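A.B. asks: The sequence shown begins at 33 in the working numbering and counts up one residue at a time.
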Amino acid sequence: MNAPEEKDPLDTLLREQDVYVDDGGFTARVMAALPPRRRRSWLRPALLLGAAAIGAVLAGRWLPWESLPPLDLSALLSLDSSVAIPWMSVLLVAASITWAAVAAVQWDD
Numbered sequence: 033m034n035a036p037e038e039k040d041p042l043d044t045l046l047r048e049q050d051v052y053v054d055d056g057g058f059t060a061r062v063m064a065a066l067p068p069r070r071r072r073s074w075l076r077p078a079l080l081l082g083a084a085a086i087g088a089v090l091a092g093r094w095l096p097w098e099s100l101p102p103l104d105l106s107a108l109l110s111l112d113s114s115v116a117i118p119w120m121s122v123l124l125v126a127a128s129i130t131w132a133a134v135a136a137v138q139w140d141d
């Protein structure tokens, strides 16, 4: 087997020839022909944030808060189903609502 070369000749060629190639205005014509960029729409993030708010209200209203077992970390870690399942459902609902709210705030059109 041949020992690998210290520098790859193709890599050297590509790095050294960083020269502008005149395209006769092709790039400028393509950029001019593209449709204008859409402005940031406020409707989608507003609907998503509204849905997250409604979800939070409904979760606060309909989750079985009175029947939740006391939060016991050792029972959660041992995956005791009588404690873990109700608290996991609360955690999943809270995580989903948080995810929707963050997505609405970070929306980029």
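The beta carbon of each residue, even a glycine, is placed where N, CA and C say it ideally should be.
Small disclaimer: the values here were computed from a predicted structure and weren't measured.
Under three-state DSSP, which class holds E48?
C.D. replies: Three-state result, E48: helix.
A.B. asks: If contacts are defined as beta-carbon pairs under 8 Å, then A136 and L80 qualify, I think. What distance do you get, rounded to the angstrom?
C.D. replies: Between L80 and A136 the Cβ distance is about 4 Å, and since that is below 8 Å, they are a contact.
A.B. asks: Determine the contact status of I129 and G87, defining contact as a CB-CB distance below 8 Å.
C.D. replies: Contact: yes.
A.B. asks: Rounded to the nearest angstrom, what separates L100 and P118 at their Cα positions?
C.D. replies: Cα-Cα distance, rounded: 6 Å.
A.B. asks: Do you know offhand how far A84's Cα is from P68's?
C.D. replies: Approximately 32 Å, taken between the alpha carbons.
A.B. asks: How long is the line joining the alpha carbons of R76 and R47, rounded to whole angstroms?
C.D. replies: C-alpha separation (whole angstroms): 44 Å.
A.B. asks: Near A91, which residues of its chain fall below 6 Å by C-beta distance, leaving aside the five closest residues on each side in sequence?
C.D. replies: Same-chain partners within the cutoff: V125.
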